[in-house]
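J.: Residues 1 to 246 in the UniProt record's numbering are what the sequence shown spells out, letter by letter.
The beta carbon of each residue, even a glycine, is placed where N, CA and C say it ideally should be.
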Amino acid sequence: MIDQANPAGSDIGPATPVPPVEQAPSSRAERKAYYSALPKPKVRGWIHAITAPLALANGILLIIFASGTAATLACVVFALSAVLLFGNSGLYHLGNWGEKVHAILRRIDHANIFLLIAGTYTPLSVVLLPTKTAALVLGIVWSGAIVGTLIHVFKLHAPRWFLVALYVALGWVAIWFLPSFWRTGGAAIVVLLIAGGVAYTIGAVMYALRWPNPWPKWFGFHEFFHTGTVIGYTCHSVAVWLALFV
Numbered sequence: 001m002i003d004q005a006n007p008a009g010s011d012i013g014p015a016t017p018v019p020p021v022e023q024a025p026s027s028r029a030e031r032k033a034y035y036s037a038l039p040k041p042k043v044r045g046w047i048h049a050i051t052a053p054l055a056l057a058n059g060i061l062l063i064i065f066a067s068g069t070a071a072t073l074a075c076v077v078f079a080l081s082a083v084l085l086f087g088n089s090g091l092y093h094l095g096n097w098g099e100k101v102h103a104i105l106r107r108i109d110h111a112n113i114f115l116l117i118a119g120t121y122t123p124l125s126v127v128l129l130p131t132k133t134a135a136l137v138l139g140i141v142w143s144g145a146i147v148g149t150l151i152h153v154f155k156l157h158a159p160r161w162f163l164v165a166l167y168v169a170l171g172w173v174a175i176w177f178l179p180s181f182w183r184t185g186g187a188a189i190v191v192l193l194i195a196g197g198v199a200y201t202i203g204a205v206m207y208a209l210r211w212p213n214p215w216p217k218w219f220g221f222h223e224f225f226h227t228g229t230v231i232g233y234t235c236h237s238v239a240v241w242l243a244l245f246v
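Shown next, in the form of structure tokens:
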């Protein structure tokens with residue numbers, strides 16, 4: 001006799017459960033809530049927290065060895081922007097903050113990326129470029145940094161992709177001035193500028209895509225982003241050191 005509920009006589013009966021298909025978050029708000037609810041990887045925050053005192057020591061040494069008022073002040077700007085980024089990032093990601101403090105630290109954390117980009121360009125431009133060219137470069141990057149900072153501080157709505165694109169665009173302003181950096185700084189400084197830019201860019205793309213995320217409990221896409229910033233900062237720090245002794 002053929003089962004009326006299964007007239008074809010197949011082995012799969014009518015009561016066979018069908019596993020529900022989990023829908024990926026689609027809207028921006030849903031994605032934000034989804035990723036915020038995920039457990040924080042154990043390495044989260046430690047990469048920048050460890051880098052912060054190293055950036056402080058590096059900044060102090062740069063200031064000591066800088067020659068002239070302009071170069072010294074430029075190194076102060078670079079040091080402060082680096083310590084602010086890595087220090088606040090470590091504090092923000094390692095702490096268990098209340099909603100209000102968490103929101104403030106998050107905005108500062110994201111704004112600091114713009115400040116570090118502009119802060120990095122400051123000593124390199126002041127030391128290596130002619131005055132007018134340096135003024136042009138710094139005018140571009142600090143204007144962009146101010147715009148990015150205002151977006152975060154005043155919570156102006158901006159898509160994630162737009163902010164990442166702005167990070168990357170500001171970071172690659174140097175590409176238009178590579179011949180000038182090459183003439184005064186040499187090949188090594190140009191290679192370090194490019195290598196640092198590549199590291200920052202790869203990290204930013206991983207952050208934007210939230211991929212790869214190989215070990216969510218320990219080391220996820222955000223940790224790749226943080227690693228990229230440390231590698232980029234290191235490359236550019238070496239470039240600043242070389243610039244001081246050209």
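Considering R44, what are the terminal residues of the alpha helix (DSSP H) in which it resides?
T.: Here R44 belongs to no alpha helix (DSSP H), and DSSP marks it neither H nor E.
J.: Can you find the residues in the same chain that come closer than 6 Å, C-beta to C-beta, to G119, ignoring five residues on each side of it along the sequence?
T.: Correct list, in chain order: V77, F78, S81.
J.: Determine the contact status of G185 and V246, defining contact as a CB-CB distance below 7 Å.
T.: yes
J.: By Cβ distance, which residues of its chain are closer than 7 Å to T51, with the 5 residues on each side in sequence left out?
T.: For T51, where only same-chain residues beyond five positions count, the Cβ hits under 7 Å are F86, V230.
J.: Please return the same chain residues whose Cβ sits closer than 6 Å to the Cβ of H222, not counting the five positions on each side in sequence.
T.: none
J.: What residue from I189, L129, H110, P53 has the CA that sits closest to L156's CA?
T.: H110
J.: For F177, does the three-state DSSP call read helix, strand or coil?
T.: helix
J.: Am I right that L193 and H236 are in contact with their C-beta atoms under 8 Å? What's the rounded C-beta distance?
T.: Yes, they are in contact, since the Cβ atoms of L193 and H236 sit about 7 Å apart, within 8 Å.
J.: Per DSSP, which one or two residues make a beta bridge with F114?
T.: None, per the DSSP bridge assignment.
J.: Whole angstroms is fine: what's the gap from W211's alpha carbon to G98's?
T.: 28 Å
J.: Three or more C-beta pairs closer than 8 Å, one from the segment 173-183 and one from the segment 128-143: is that the case here?
T.: Between the segment 173-183 and the segment 128-143, the count of C-beta pairs closer than 8 Å reaches three or more; the two stretches touch.
J.: Could you spell out where the alpha helix (DSSP H) holding K155 opens and where it closes?
T.: K155 -> no alpha helix (DSSP H), and no H or E assigned at all.
J.: Which stretch, first to last residue, makes up the alpha helix (DSSP H) that contains A187?
T.: Its alpha helix (DSSP H) spans residues 187-209.
J.: Measuring straight from C-alpha to C-alpha, what distance separates L129 and L178?
T.: 10 Å
J.: Please work out which residues of its chain come closer than 7 Å, Cβ to Cβ, to G220, disregarding the five sequence neighbours upstream and downstream, and give them in chain order.
T.: Excluding positions up to five away in sequence, the list reads P41, N213.
J.: Express the C-alpha separation of L73 and K132 in angstroms, rounding to a whole number.
T.: 18 Å
J.: From the DSSP output, read off the bridge partner residues of W215.
T.: F219
J.: Quick one, which of L124, T227, P216 has its alpha-carbon nearest F181's?
T.: For F181, the nearest C-alpha among the options comes from L124.
J.: Apart from the five residues just before and just after L54, which ones in its own chain have a Cβ nearer than 7 Å to its Cβ?
T.: none
J.: Give me the residue from T122, V141, I189, F224 with the minimum Cα distance to I202.
T.: F224
J.: State the start and end residues of the unbroken alpha helix (DSSP H) segment that holds V83.
T.: 69-94
J.: Restricting to Cα atoms, I'd like to know which of T122, L209, L91, A188 is closest to V164.
T.: L209
J.: Please state if the CB of A49 and the CB of L116 are separated by a distance shorter than 7 Å.
T.: no
J.: If you draw a straight line from the alpha carbon of A103 to that of S89, how long is it in whole angstroms?
T.: 13 Å
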